Amino acid sequence: MKFGLAHTGNTLIVRIAGELDHHYTDEIRIRIDSEIMKPYVQNVVFDFNKLTFMDSSGIGMIVGRYKKIKAVGGNIYIMCGNKTVKKILEMSGVFQFAKICDDINDAV
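Structure below.
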């Protein structure tokens, strides 16, 4: 699993590649939460274009970050090129609150 954070204006970009499961979600959650606490962060983009697997702990991590960013009036965006991961996100209801986008420009 590879994980990285970047900023574009008021948007936090979270790039995750490989497999996202319960082994990594706590670490990722802590690092994202520390960035969301910064006053200039209002939106979060999850870049899952290189994600190959996600379990329910990944869904929980997204939902929790949504609640935090929604509290400051922000939005969650998801980029996902993997059909299997996208199907998991659809079935879990994530796209009811997260906006799907093709690239960073769609989100910012």
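Numbering (the numbering used here), first residue to last: 1 to 108.
Ideal Cβ positions, reconstructed from N, Cα and C, are used throughout, including at glycine.
Please read all numbers here as calculations on a predicted model, not as lab measurements.
It is roughly 26 Å from the alpha-carbon of N82 to the alpha-carbon of E35. Straight through space, the alpha carbons of V45 and I104 are spaced by roughly 8 Å.
Along the stretch 80 to 106, the alpha helix (DSSP H) occurs as fully enclosed runs of 4 or more residues at 83 to 92, listed in sequence order. Judged by DSSP secondary structure, K2 falls within the beta strand (DSSP E) whose first and last residues are K2 to T8.
Look at G74 here: in three-state DSSP terms it is coil, with no helix or strand label.
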